[in-house]
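Everything below concerns the one structure shown next.
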Amino acid sequence: MVAYEPRASVPGPDEDDSIDLREYWKILVKRKWLILALMLVVITATFVVTKLQVPEHRATALVLIEPEANQILAFQDFDQTSGRSSAEYRASQFEILRSRSLAEAVIRAEQLQDHPELTGEMRQRSLGAEVRSLTSLLLSHVRGPSAEDLQGSEQRAQRDPVDVAARTLLRKLEIEPVRNTQVVRVSITSFDPEFSARIANAVVREYIDTSLQRRFDSGTQARRFLEGQLDEMRIALERSDRALAQFAREARVSDLDQNIQLTREGLRGKSARLEEVRRELLQLSGWRDLAQQGRVEHLDSMGGSDLVAERLAALEARLQDAALAYQQLARQYTDTFPAVVEKRAELESIRTEVAAERNRIVSGIAGRLEARTAEAGSLEQAIDQREEQLMTLNERSVQY
88 MVAYEPRASV PGPDEDDSID LREYWKILVK RKWLILALML VVITATFVVT
138 KLQVPEHRAT ALVLIEPEAN QILAFQDFDQ TSGRSSAEYR ASQFEILRSR
188 SLAEAVIRAE QLQDHPELTG EMRQRSLGAE VRSLTSLLLS HVRGPSAEDL
238 QGSEQRAQRD PVDVAARTLL RKLEIEPVRN TQVVRVSITS FDPEFSARIA
288 NAVVREYIDT SLQRRFDSGT QARRFLEGQL DEMRIALERS DRALAQFARE
338 ARVSDLDQNI QLTREGLRGK SARLEEVRRE LLQLSGWRDL AQQGRVEHLD
388 SMGGSDLVAE RLAALEARLQ DAALAYQQLA RQYTDTFPAV VEKRAELESI
438 RTEVAAERNR IVSGIAGRLE ARTAEAGSLE QAIDQREEQL MTLNERSVQY
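Laid out in structure tokens, this is it:
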């Protein structure tokens, strides 16, 4: 026997598929007690959770973060912020505000390592946490503390309270930059409004003190760097002075400037004397030419009167007198007359003396010419030596 099961009829395209609100209302009325029970449970749970939670208070402090280049030297910034962009500098300062070292400094400055909010003794309550805490407390009373609980207690006792408080403080800390400004909001959320304000102000104050201390340390580092450079320069200068003194002793240039001055003065004196000797040589050469031509009488016109001896002048006068007397006797007497013969002999004698005197003058001119020539050569050699000495002294002066 074949059994047929009725098939659910599929609504056709022309059938109405609208929602029947009366059917839903019937369902709600049918389940009203269940719905009311669920609503009561939700309201009760919400009320309990709300009552269990501790109110939190948020305090905000504002701090201005403005990049300032610490120009210790004209070409170098020891803070190394002048070459950075403003965004990079601000990001670096945000990290400093969030750093654990700053949080630890705040904890130590305010003596907050034992504060209940930072040690974990005071925390936000919740229904689940309270249930778990109550269960753990009951179990510990029933079976006693376990080894894991004892080990955890020992580890918590060994932890640094400043480190624990700093970590908790960082979880409560919030850094928020104000848009399009250099102002930053430093916010602290806690259960005590006064505590929140205290911590927010302490964080800002410690950040400012840290920034000032960092700049002071940069200045101190710059000062030490400059002092080190000055010490090195002073040592180098002392070494240079010692080397200079050693060079002066070896080169004998202790009075270098004075030696150069004396050498220059000697060189000028010898050059002037050489010019005088050369002028005298030129004059003596003219006198020698006149003397060699037998024109000694023209030496007076050339300024050589000092060379013409008084005896030559006397001899010339005697020669003229003797020649005049001889002419007079020659007109009166014959050449064999004794007076004429005697006067002629006297005339020849005077002529011989005049010739001898002229030869003496010519020899004197030649001697002076030779002496001045030798003096000019000596002066030229001395001038060359002085010039060489002056060049050597100048080279030593450059080295010195």
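Residue numbers (the numbering used here): 88 to 487.
By construction, the Cβ of each residue, glycine as well, lies at the ideal position given by its N, Cα and C atoms.
Since this is a predicted model, take the numbers as computed values, not measurements.
In or out: residue i buried (at least 16 other Cβ within 10 Å) or exposed?
i           : result
residue 193 : buried
residue 143 : exposed
residue 475 : exposed
residue 255 : buried
residue 277 : buried
residue 180 : buried
residue 445 : buried
residue 128 : exposed
residue 468 : exposed
residue 283 : buried
residue 466 : buried
residue 332 : exposed
residue 252 : buried
residue 197 : buried
residue 132 : exposed
residue 426 : exposed
Taking just the CA atoms, how far does residue j sit from residue i?
i           : j           : result
residue 434 : residue 418 : 16 Å
residue 478 : residue 323 : 29 Å
residue 431 : residue 413 : 6 Å
residue 361 : residue 451 : 21 Å
residue 50  : residue 260 : Shown here, the chain extends from 88 to 487; a query on residue 50 therefore has no answer.
residue 187 : residue 268 : 26 Å
residue 173 : residue 154 : 7 Å
residue 205 : residue 291 : 18 Å
residue 481 : residue 321 : 28 Å
residue 125 : residue 113 : 18 Å
residue 122 : residue 115 : 8 Å
residue 424 : residue 416 : 9 Å
residue 440 : residue 350 : 51 Å
residue 345 : residue 352 : 10 Å
residue 307 : residue 183 : 21 Å
residue 442 : residue 463 : 31 Å
residue 314 : residue 199 : 41 Å
residue 347 : residue 302 : 55 Å
residue 299 : residue 208 : 35 Å
residue 304 : residue 325 : 31 Å
residue 130 : residue 293 : 46 Å
residue 421 : residue 411 : 16 Å
residue 429 : residue 403 : 19 Å
residue 111 : residue 134 : 30 Å
residue 388 : residue 401 : Residue placement at residue 388 cannot be trusted, given a pLDDT of 42 that sits under 50; the coordinates are not used to answer.
Is the CB-CB distance between residue i and residue j below 8 Å?
i           : j           : result
residue 146 : residue 264 : no
residue 438 : residue 367 : no
residue 470 : residue 358 : yes
residue 275 : residue 286 : yes
residue 288 : residue 148 : yes
residue 271 : residue 152 : yes
residue 453 : residue 365 : no
residue 262 : residue 185 : yes
residue 371 : residue 456 : yes
residue 473 : residue 317 : no
Under DSSP, the beta strand (DSSP E) around residue i begins and ends at which residues?
i           : result
residue 150 : 144 to 151
Could you give the first and the last residue of the continuous alpha helix (DSSP H) run that contains residue i?
i           : result
residue 179 : 173 to 184
residue 111 : 108 to 117
residue 206 : 203 to 206
residue 199 : Element bounds for residue 199: n/a, residue is neither H nor E.
*asked:* Which runs of the alpha helix (DSSP H) at least 4 residues long sit entirely within the segment 247 to 328? Give them in chain order.
replied: 248 to 259
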